[in-house]
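Since the structure comes first, as C-alpha cells, the remarks are kept for the end.
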Amino acid sequence: KLLPDVNRLTKVGAFIRKTSLDEIPQLLNVIKGDISLIGPRPLLVQYLPLYNQKQKRRHKVKPGITGWAQVNGRNTISWEQKFEYDVWYVDHLSFLLDVKIIFMTIFKVFKREGINSEGQATMEVFKGND
158 KLLPDVNRLT KVGAFIRKTS LDEIPQLLNV IKGDISLIGP RPLLVQYLPL
208 YNQKQKRRHK VKPGITGWAQ VNGRNTISWE QKFEYDVWYV DHLSFLLDVK
258 IIFMTIFKVF KREGINSEGQ ATMEVFKGND
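With the first letter of the sequence shown counted as 1, position 23 gets the number 180 in my numbering; the numbers rise by one all the way through.
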C-alpha cells in the first residue's frame, strides 16, 4: 500500500508538478507524431473497457498534452466531467479552439490552477461508470 500523495511527494517534486515542468518530456512524443499538442489526454490502456459509448468518442482524435478538460479543471474535476469536456472538444474541433486552448493553458500554468485536488498529486483511479 502506498503512502498518501501528500506524504510521498517531495518539495522538488511538488514544484515540478505545480509548474507543469513534468509535461515537457511529452514534447518529444509530439515531435515523433505519437500525440498532438492539443487533444484529450492519453489515459491508461486498462481504462478502455470501462468507457461507455459516448466516452469512447474521445479517441476519434489524437491524444494531446493539453486539451479542453485540462483548461477547464485538469485534475480537480471528476472523471465524468473530464470525459464530457473531451467529447465536447471532439465535437467542436477547430483551429481557433486549439489556439484558445493554447492561450488558456499558458494562463493556467502561470496561475498554477487546477493542477490537482487538495492533498493529491495524481487523479484517482478511473473505476468506470456507475
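Glycine included, C-beta positions come from ideal geometry on N, C-alpha and C.
Close beta carbons around residue i, own chain, < 6 Å, minus the five adjacent residues each side
i, result
"Ala226", "Lys239, Tyr242 and Asp243"
"Asp212", "Contrary to the premise, residue 212 reads as Gln rather than Asp in this sequence. Phe240."
"Val187", "Leu194"
is_contact[residue i, chain B] using C-beta, thresh 8 Å
i, result
"Lys168", "Judged by its chain identifiers, the structure shown contains no chain B, having just a single protein chain."
Nearest to residue i (by Cα), restricted to the options the options
i, options, result
"Val266", "Ser235, Ile222, Leu253 and Trp236", "Ile222"
"Gly285", "Leu200, Asn229, Val228 and Thr262", "Leu200"
"Lys268", "Leu166, Thr176 and Phe172", "Thr176"
"Asn232", "Glu281, Val187 and Phe172", "Glu281"
"Phe264", "Gly230, Ile173 and Asn186", "Gly230"
"Gln210", "Glu237, Asn186 and Gly170", "Glu237"
Chain-order list of residues whose beta-carbon lies under 7 Å from that of residue i (same chain, five-residue window excluded)
i, result
"Tyr204", "Phe283"
Assigned secondary structure, residue i (DSSP; H/G/I helix, E/B strand, else coil)
i, result
"Leu250", "coil"
"Leu184", "helix"
"Leu205", "helix"
"Leu194", "strand"
"Phe267", "helix"
"Ile234", "coil"
"Lys284", "coil"
Residues sharing a beta bridge with residue i, DSSP
i, result
"Thr223", "Ile195"
Nonlocal neighbours in the same chain, by C-beta distance under 8 Å from residue i, ignoring five residues either side
i, result
"Thr262", "Thr223, Gln227 and Val228"
"Leu207", "Phe283, Lys284, Gly285 and Asn286"
### Message
Measuring CB atoms only, is the region 244–251 touching the region 213–220, in the sense that at least three cross pairs come out at less than 8 Å?
### Response
Counting C-beta pairs with one atom in each stretch, the region 244–251 and the region 213–220 have three or more that are closer than 8 Å, which means they touch.
### Message
Assess contact between the region 252–267 and the region 182–202, defined as three or more Cβ pairs (one per stretch) separated by less than 8 Å. Is contact present?
### Response
Cβ pair count under 8 Å is three or more, so yes.
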